[in-house]
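**Q**
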Amino acid sequence: FIFAAVSFGDEPVWRPVTPEEMQMKTPKVEPDADAEAIFWEVRLDDKKLSKMSYSHYVRVKIFTERGRERFSKMDIPFRKGVKVENVAARVIKPDGTIVDLKPEDIFEREIAKAGKLKVQAKSFAVPGIEPGVIVEYQYSETIKGDSAAGERLIFQRDIPLQKVTYFVRPYGTSSLAFNTYNMPDTRFVEDKKGFSVGTLENVPAYKDEPFMPPDDEVRKWVYLSYRTLGSLFQWGNIGLNWSEGLKRLSKPNKEVKQKAAELIAGASSDEEKVRRIYEFVQKNVKNISFESSLTEEQVEKMDVKDADDALRKGMGNSMHIELLFASLIRAAGLEANIVLSGDRSDNFFNPDKYPFSNFVHPACIAVKIGNDWRYFNPGTPFLPFERLVWYEENVQAMLIGEGGYIWKTTPLSEPAKSPATRKAKLELLADGTLQGDVRIEYGGHQAISRRRDEFRDSQSKREENIKDELKQRISTAEITDLQILNFDDNTKPLTYTFKVKVPNYAQRAGRRLILQPGFFEYGAPAVFSSATRTYDIYFPYPWSENDDIQIKLPQGFILDNADMPAAVADPQKIGSLVVTMKHDGATNTLFYKRDFHFGGGGRILFPVAAYPAIKNMFDYFHQADTHALALRQAAN
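When we follow this note's numbering, the leftmost residue of the sequence shown carries the number 512, and every step to the right adds one.
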C-alpha cells in the first residue's frame, strides 16, 4: 500500500482519536467494507530544487476478520533513488489501549527483481490488530532529482475513504496546474505555508475486475504540471524538438549510405528493402538496453552518440538502433518518421485529454511504403518485423519528420496474428491417469508478451514459469522433458514441448470414467464470475487458439456418449468457438479439435452495459471448453 499524510520529524506525532472514531461499528462509505480509511493524507513538497519529498499518514478502521488479515502486514515499496524513513505504526483498541510498532520490527527486503533491476520494501507486521481497532501508519519518502511536475495524486484506493487530502507545495514561485480525471474538478486552496490543499470525501473503493480498462481511465486521480501556454503550444514544441533531433542524429553519412546500398542491392520491392534493413540492425547491432550482463551504470557509460556511431561501433541502446534504422531507410530513398505514442496499458491516450509530454514516449519508426505509413520497432529484440507491443497498437501517435508532425492511429492486429497452437498426443489409463506429449506454440502478442516478461530470466526460471502456469490449472500435473525453443528467435513461434502425467484426470463414476477432452482448458475458471460489473470490459488485444488433441482411450472402455458441444459465435463475428470430435474405433482413439478467437473486427473495448452479453458469451465458451464425455467399461 502507498499511504498518505502530514509532515513529521523523526518521532511520530499522532493526532488524537475522537470518541466517534473509537465507537464506530459500521462503515460510512460502503456498508459491506472490511476496512475503511477515516482519513488518508499525503503531503508533497517540491520546495527544494535537488529533491522532492512525500509524507504519508493514514488512519484505518478495521471492521471484519478479512480487514484484519489484509492490514496485518505492510510493505512500503521503493526503488533506487528513493529513501523511505520515519516509518511508524500503531493500533488503538476499542478500550483505548495502544500498541506501538517497535522500530526493531521494521525490516528491509527485496520484493521484486528483473535482471539487474530491484524493488525493495520496508516491511513489518502490524501488532495487536483485530476487528474493531484503529490502525495508523506514517512514513516519509525522499526522491532525488524529481519534480512535482508529472506526479499523480491518487484520490481513490482499494478501500473506501471517508476523507482523502493532498497538500502540494511547488518549487519556488512556480504555479501548479491540477488536471482532474474521473472525478469532479477539485479546488486546491493555498494555505499559510504555501501548500495547495485539495480534499475529496466519501470515495468508494477502487475494485479490481477481470479485463478492465487501465487505472488512468477508471480511478479518481489528479495530474500535476507546472503551467504552460497550452497543449497546442506544447505539442508544437515537442514536434519541433524531436524533428530537429531526428535530423541531427539520423542524417545518413557516407558510411550509412554505403551500408544501405549494400543491404538493398537486388531488392525487388520497397518492403523487401525495409525488411533487409530491419533484420540487419536488429540482428547485427548489439542492443545494450537488453544486455542482461550489463548493469544500468555500465549501460549509461557506453559512449554511443548517434546512428552513425551505432553503425561504426556495432552497438547502441534501443533508441540508437531505431535511429540507425531510420537513417538507413532514408539512405535507401524512403521516408522515415520517429513515432511518439501513448501507452494503452496506462490510458487511452488522446492529445486533448492528456496534453502533456509525459503521456507519450518514443515507440517506433514509421516508414512510408507506397501510400501507407507502416510501423517498425527494431530496437526491441523480441519484436518481429512490422510488429509493435500490444500497448502501442491502436493508439494515437505523433509521427515526426523533418517537416513537422502529424497525428495517426497505429493499427490493431487481428486475432489470427496472435495465435496459440496447442497439440497433445495423450493416453488415458484405466485408473483415470492421463499422460503423453504436449507441444505449445505462441505467435504474435502471445509470444511477444512472454519474451518481454522473461528476457532477463534464466532458462531454469523460464521453465519454472511454464510449469507454474500449468499447475495453476492442474495442480497434480507432473511435467518432464521440458524444452523451450526459439526464445531468442522472433521469426519463429515461441515453443514449449514436454511430457505430462496427470493422475485422476478422468473421474471414476461406478463403471464409468468422466473425461474432459479439452486438456488445454482443463481446470481453467470462468472468465467472468460476478453477476454485476462496475467498469467497462477491456481486452489487451485480439487473439486466437487452435487445439489439436489425440487421446487413446483405455482398453476395455467405450464411449457411452459422444455428443459435441454446440458452436458459440456472435453475429458480429467478435468471437467464436468451434469444437469437433471424432472417434476411431479401430485404435480406440478420440480426436478433438478446438478453434477459438476473440476480438474480431478490432472489438476489444465494451461498455459496462454490454457486460451481460459478454459474460454470457464467455460462459458459453467455458461450458463448451469443459464439456465432458462418459466412457463405459465394456462387459466381459
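Just so it is clear, CB atoms sit at the ideal spot from N, CA and C, and this is done for glycine as well.
Could you give the DSSP three-state label for Ile1115: helix, strand or coil?
**A** Taking the sequence shown and counting its residues from 1, the one referred to as residue 1115 is at position 604. Reduced to three states, the DSSP call for Ile1115 is coil.
**Q** Quick check: what's the CA-CA separation for Arg554 versus Ala544?
**A** What you label residue 554 is simply residue 43 of the sequence shown in a count that begins at 1. What you label residue 544 is simply residue 33 of the sequence shown in a count that begins at 1. If you take the alpha carbons of Arg554 and Ala544, they lie about 26 Å apart.
**Q** Would Thr697 and Gly705 qualify as a contact pair, given that the criterion is a beta-carbon distance under 8 Å?
**A** For this step, residue 697 is matched to residue 186 along the sequence shown. For this step, residue 705 is matched to residue 194 along the sequence shown. Their beta carbons are not under 8 Å apart, which means Thr697 does not touch Gly705 by this criterion.
**Q** The beta strand (DSSP E) that contains Leu950, what's its start and end?
**A** Within the sequence shown, numbered from 1, the residue matching residue 950 stands at position 439. For the sequence presented, residue 950 should be read as Arg rather than Leu. Arg950 -> beta strand (DSSP E) spans Leu945 to Tyr953.
**Q** Rounded to the nearest angstrom, how far is the Cβ of Ala884 from that of Ala874, given a contact under 8 Å?
**A** Against the sequence shown, residue 884 aligns to sequence position 373. Against the sequence shown, residue 874 aligns to sequence position 363. Residue identity differs from the one stated: residue 884 is Trp in this sequence, not Ala. Not really, about 13 Å apart at Cβ, beyond 8 Å.
**Q** When you compare only the Cα positions, how much space is there between Ile535 and Leu945?
**A** On the sequence shown, position 24 is the one that residue 535 refers to. On the sequence shown, position 434 is the one that residue 945 refers to. According to the sequence provided, residue 535 is Met. The question's Ile does not apply to it. Rounded to whole angstroms, Met535 to Leu945 spans 56 Å at the Cα level.
**Q** Whole angstroms are fine: how far does the CA of Ile665 sit from the CA of Ser800?
**A** Position 289 of the sequence shown, counted from the first residue, corresponds to residue 800. Position 154 of the sequence shown, counted from the first residue, corresponds to residue 665. Spanning the two alpha carbons is a distance of roughly 31 Å.
**Q** What is the rounded straight-line gap between the Cα of Phe678 and the Cα of Asp1000?
**A** Counting from one through the sequence shown, the residue named residue 678 turns up at place 167. Counting from one through the sequence shown, the residue named residue 1000 turns up at place 489. Phe678 and Asp1000: Cα-Cα distance of roughly 50 Å.
**Q** Would you kindly work out how many angstroms separate the C-alpha atoms of His1094 and Leu1064, rounded to a whole number?
**A** Start at 1 with the first residue of the sequence shown, and residue 1094 comes out as number 583. Start at 1 with the first residue of the sequence shown, and residue 1064 comes out as number 553. Whole-angstrom Cα-Cα distance: 10 Å.
**Q** Ignoring anything shorter than 4 residues or poking outside the stretch 919-1001, list the alpha helix (DSSP H) runs there in chain order.
**A** List check, alpha helix (DSSP H) in window: 955-965 and 970-984.
**Q** Quick one: grab the DSSP three-state call for Tyr1046.
**A** Within the sequence shown, the letter at position 535 stands for residue 1046. Tyr1046 falls in the coil class under three-state DSSP.
**Q** Are the Cβ atoms of Val792 and Leu839 separated by less than 8 Å?
**A** The sequence position of residue 792 within the sequence shown is 281, counting from 1. The sequence position of residue 839 within the sequence shown is 328, counting from 1. Contact: yes.
**Q** Per DSSP, His872 is paired with what?
**A** The count along the sequence shown starts at 1 and reaches residue 872 at position 361. For His872, which the question treats as bridged, DSSP gives the partners Ser852.
**Q** Do the stretch 935-953 and the stretch 992-1012 touch if we need at least three Cβ pairs shorter than 8 Å?
**A** The stretch 935-953, when compared against the stretch 992-1012, does touch it at the 8 Å Cβ threshold.
**Q** Measure the C-alpha to C-alpha separation of Ala600 and Asp611 and round it to an integer number of angstroms.
**A** Here residue 600 corresponds to residue number 89 of the sequence shown, with the count starting at 1. Here residue 611 corresponds to residue number 100 of the sequence shown, with the count starting at 1. Distance between the alpha carbons of Ala600 and Asp611 is about 6 Å.
**Q** Where does Met1075 sit, in a helix, a strand or coil, going by DSSP?
**A** In the sequence shown, residue 1075 corresponds to position 564, counting from 1. It is coil, neither helix nor strand.
**Q** Drop a sphere of 10 angstroms on the beta-carbon of Val1079, count the other beta-carbons inside from all chains shown, and report buried for 16 or more, exposed for fewer.
**A** Locating residue 1079 in the sequence shown gives position 568, counting from the first residue. Looking at its Cβ environment, which holds 16 or more other Cβ atoms inside 10 Å, Val1079 is buried.
**Q** Assuming Ile1060 and Pro1028 form a contact by the criterion Cβ under 8 Å, report the distance between their Cβ atoms to the nearest whole angstrom.
**A** In the sequence shown, the residue the question calls residue 1060 occupies position 549. In the sequence shown, the residue the question calls residue 1028 occupies position 517. Their Cβ separation, rounded to whole angstroms, is 6 Å, which keeps Ile1060 and Pro1028 in contact under 8 Å.
**Q** Roughly how many angstroms lie between the CA atoms of Val528 and Pro542, to the nearest whole one?
**A** Residue numbering aside, residue 528 sits at position 17 when the sequence shown is read from its first letter. Residue numbering aside, residue 542 sits at position 31 when the sequence shown is read from its first letter. If you take the alpha carbons of Val528 and Pro542, they lie about 22 Å apart.
**Q** Distance, Cα to Cα, Lys864 vs Ala1077?
**A** Position 353 of the sequence shown, counting from 1, holds the residue named residue 864. Position 566 of the sequence shown, counting from 1, holds the residue named residue 1077. Spanning the two alpha carbons is a distance of roughly 45 Å.
**Q** What residue does the beta strand (DSSP E) around Pro588 start on, and which one ends it?
**A** Along the sequence shown, read from residue 1 onward, the residue named residue 588 stands at position 77. First-last of the beta strand (DSSP E) with Pro588: Lys584 to Phe589.
**Q** Any contact of the stretch 767-775 with the stretch 822-842, i.e. 3+ C-beta pairs under 8 Å?
**A** Touching, per the Cβ criterion.
**Q** From this set, Ile587, Thr691 and Ser686, which residue's C-alpha is nearest Glu701's C-alpha?
**A** The residue you call residue 701 lines up with position 190 of the sequence shown. Ranking Ile587, Thr691 and Ser686 by Cα distance to Glu701 puts Ser686 first.
**Q** Under the DSSP definition of a beta bridge, which residues are partnered with Asn798?
**A** As a first step, residue 798 is located in the sequence shown; it is residue number 287 there, counting from the start. The partner list for Asn798 (beta bridge, DSSP) reads Gly827.
**Q** For Ala716, which option in Val540, Ile1085 and Leu1024 has the closest C-alpha, if you only look at C-alpha atoms?
**A** Residue mapping note: residue 716 aligns to position 205 of the sequence shown, counting from 1. That would be Val540, whose Cα lies nearest to the Cα of Ala716.
**Q** Tell me which residue opens and which closes the beta strand (DSSP E) that Ala599 is part of.
**A** Along the sequence shown, read from residue 1 onward, the residue named residue 599 stands at position 88. Here the beta strand (DSSP E) through Ala599 covers Val593 to Ile603.
**Q** Take every Cβ of the stretch 954-964, pair it with every Cβ of the stretch 1041-1058, and state whether three or more of those distances are shorter than 8 Å.
**A** Yes, the stretch 954-964 is in contact with the stretch 1041-1058.
**Q** Under 7 Å Cβ to Cβ from Asp586, same chain only, skipping five residues before and after it: list those, please.
**A** Numbered from its first residue, the sequence shown carries residue 586 at position 75. Counting only Cβ-Cβ distances below 7 Å, and skipping sequence neighbours, we find Ile622, Ala632 and Ser634.
**Q** Once DSSP output is grouped into helix, strand and coil, what is the label at Asn690?
**A** The residue given as residue 690 occupies position 179 in the sequence shown. If DSSP states are grouped into helix, strand and coil, Asn690 belongs with the strands.
**Q** Is the distance from the Cβ of Asn693 to the Cβ of Arg730 below 8 Å?
**A** The residue labelled residue 693 in the question sits at position 182 within the sequence shown. The residue labelled residue 730 in the question sits at position 219 within the sequence shown. Contact: yes.
**Q** Mind checking Ala1042: buried by the 16 CB within 10 Å criterion, or exposed?
**A** Here residue 1042 is taken as the residue at index 531 of the sequence shown, counted from 1. Answer is exposed; the Cβ neighbour count stays below 16.
**Q** Looking only at C-alpha atoms, which of Arg526, Leu1024 and Ser780 sits nearest to Ile603?
**A** Within the sequence shown, residue 603 is the residue found at index 92, counting from 1. Of the candidates Arg526, Leu1024 and Ser780, the one whose C-alpha sits nearest the C-alpha of Ile603 is Arg526.
**Q** Once DSSP output is grouped into helix, strand and coil, what is the label at Ser742?
**A** Looking up residue 742 in the sequence shown gives position 231. Bear in mind that the predicted position of Ser742 carries a pLDDT of just 48, short of 50, making it too unreliable to give a figure here.
**Q** Assuming contact is defined by CB atoms lying nearer than 8 Å, are Arg668 and Trp551 in contact in what I supplied?
**A** As a first step, residue 668 must be located in the sequence shown, where it is residue number 157. As a first step, residue 551 must be located in the sequence shown, where it is residue number 40. Their beta carbons are under 8 Å apart, which means Arg668 touches Trp551 by this criterion.
**Q** Thinking C-beta only, is Glu647 closer than 8 Å to Tyr565?
**A** The residue labelled residue 565 in the question sits at position 54 within the sequence shown. The residue labelled residue 647 in the question sits at position 136 within the sequence shown. For Tyr565 and Glu647, no; Cβs fall outside 8 Å.
**Q** Please state whether the Cβ-Cβ distance between Leu996 and Thr1006 is less than 8 Å.
**A** Within the sequence shown, the letter at position 485 stands for residue 996. Within the sequence shown, the letter at position 495 stands for residue 1006. Yes, they are a contact pair.
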